[in-house]
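Asks:
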Amino acid sequence: METSQPVAERPRRPEWMKVRAPSQNGHYYDVKKLIHGAQLNTICEEARCPNIAECWGRGTATFQILGDTCTRACRYCYVHSGKPSEPVDPLEPLRLAETARRMGLKHVVVTSVDRDDVPDKGAGHYAATIRALKAKLPAATVEVLTPDFLGVEEEALQTVLGARPEVFNHNIETVRRLHRRMRGARASYEGALELLRRAKEIADYPVLTKSGIIVGLGESNDEVLDTMRDLRANGVDVVTIGQYLQPSSKHATIDRWVHPDEFRWLREQGEALGFGSVFSGPLVRSSYRADEQRHAAATGRGAVAY
Ligand code: SF4
-8 METSQPVAER PRRPEWMKVR APSQNGHYYD VKKLIHGAQL NTICEEARCP NIAECWGRGT
52 ATFQILGDTC TRACRYCYVH SGKPSEPVDP LEPLRLAETA RRMGLKHVVV TSVDRDDVPD
112 KGAGHYAATI RALKAKLPAA TVEVLTPDFL GVEEEALQTV LGARPEVFNH NIETVRRLHR
172 RMRGARASYE GALELLRRAK EIADYPVLTK SGIIVGLGES NDEVLDTMRD LRANGVDVVT
232 IGQYLQPSSK HATIDRWVHP DEFRWLREQG EALGFGSVFS GPLVRSSYRA DEQRHAAATG
292 RGAVAY
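Residue numbers (the numbering used here): -8 to 297.
#1: Taking only the alpha-carbon atoms, compute the straight-line gap between T244 and L208 and give it to the nearest angstrom.
#2: Can you check the stretch 250 to 274 for any alpha helix (DSSP H) of at least 4 residues that lies completely inside it and give the ranges in chain order?
#3: Any heavy atom of ligand 3 within a distance shorter than 7 Å of the CB on T150?
#4: With a cut-off of 8 Å on the beta carbons, I'd call V166 and V230 a contact; round off their distance for me.
#5: Please state whether DSSP places G233 in a helix, a strand or coil.
#6: Below 7 Å, is the gap between the Cβ of Y235 and the nearest heavy atom of ligand 1?
#7: Looking at the unbroken beta strand (DSSP E) that takes in E134, where does it start and where does it end?
#8: Counting C-beta neighbours from all protein chains within 10 Å, is the total for A224 16 or more, i.e. buried, or is it exposed?
#9: Leaving aside the five residues before and after W256 along the sequence, list all residues of the same chain whose C-beta is less than 8 Å from its C-beta, in chain order.
#10: Check whether the Cβ of S211 lies closer than 7 Å to any heavy atom of ligand 1, and answer yes or no.
#11: Return yes when the Cβ of D105 is within less than 8 Å of the Cβ of R63, no when it is not.
#12: Let me know the secondary structure DSSP gives T53 once reduced to three states.
#13: Do S240 and F254 have their beta-carbon atoms positioned less than 8 Å apart in this structure?
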């Protein structure tokens, strides 16, 4: 159940949610310089991801294409929402591919804001980005975490999958009961499942499909399990489950801190349901150690907990 608790009175962040600060060791500042120098956006910064010190320190990041303004306003998301002021930048795919090459990425994760203002909802830009990456980094694998392409789903899937990303990810985000409340009237739980199912059907190569669930929004663990069952019933190979963090007082309040033992239980349930990979843990995000998630699913290594 969602509460009306003010931010100041929220329960303190438990020990297991503590994250480390950026350090001079590792690649954090090199990654920052490269990304900012190329005028690229990342979901790591735009969503204030708690793992940024770790991921950038490892030399990885998740690119956010199609600008910095999202045409939706999900209640859990920190990404700026509104009417985009800039057209889609046709040179962004090239800058992104060159930056990924300079970072030496072996697995490149690309996501975006929603662009309901663009006729193809950004599908063509995704395909251009995947193609640029494959031209520049032929040995790398590419993962896309896409919006729902509302109204042009079939054409968009044909376009994106025509560029052959190795992983197609679309986050269901929350359980059926909370979906509309958290994501707004335009998003649909059934629509998300359908997109994932059709991605697998449309691809003429063995694409891995993937989805993510945020917990702590007011759902029960049994509802999370139901959502995992729905994902498996629609052929999803990889699932991620992580704790919601309220980005500001205007966003949905945290309902509960999910204990690491509960994450472990969810991982075991996911394993029993037959996912190729289950990443379940307090700080797990859709793109967290995405290279390992893909590898675990592709090699049948199975569930991983953090
Ligand atoms: S978990 Fe994903 S969004 Fe967060 S810092 Fe790592 S790569 Fe970026």
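Heads up, the beta-carbon is just placed ideally off N, CA and C, and yes, glycines get one too.
Replies: Concretely, from the data shown:
#1: Counted from its first residue, the sequence shown places residue 244 at position 253. Counted from its first residue, the sequence shown places residue 208 at position 217. If you take the alpha carbons of T244 and L208, they lie about 7 Å apart.
#2: 251 to 264
#3: Ligand 3 is not among the ligands present in this structure, which contains only ligand 1.
#4: In the sequence shown, residue 166 corresponds to position 175, counting from 1. In the sequence shown, residue 230 corresponds to position 239, counting from 1. Incorrect: roughly 13 Å between the Cβ atoms, too far for contact.
#5: Stepping through the sequence shown from its first residue, residue 233 is reached at position 242. If DSSP states are grouped into helix, strand and coil, G233 belongs with the strands.
#6: Within the sequence shown, the letter at position 244 stands for residue 235. False, no ligand heavy atom lies under 7 Å from that Cβ.
#7: Counting from 1 along the sequence shown, the entry for residue 134 is found at position 143. Run containing E134: 132 to 136, per the beta strand (DSSP E) assignment.
#8: Taking the first residue of the sequence shown as 1, we reach residue 224 at position 233. Its Cβ having fewer than 16 others within 10 Å, A224 is exposed.
#9: Counting from one through the sequence shown, the residue named residue 256 turns up at place 265. The residues are N212.
#10: Working through the sequence shown from its first residue, we reach residue 211 at position 220. False, no ligand heavy atom lies under 7 Å from that Cβ.
#11: On the sequence shown, position 72 is the one that residue 63 refers to. On the sequence shown, position 114 is the one that residue 105 refers to. Yes.
#12: The count along the sequence shown starts at 1 and reaches residue 53 at position 62. T53: strand per DSSP, three-state reduction.
#13: In the sequence shown, residue 254 corresponds to position 263, counting from 1. In the sequence shown, residue 240 corresponds to position 249, counting from 1. Taking 8 Å as the Cβ cut-off, F254 and S240 do not qualify as a contacting pair.
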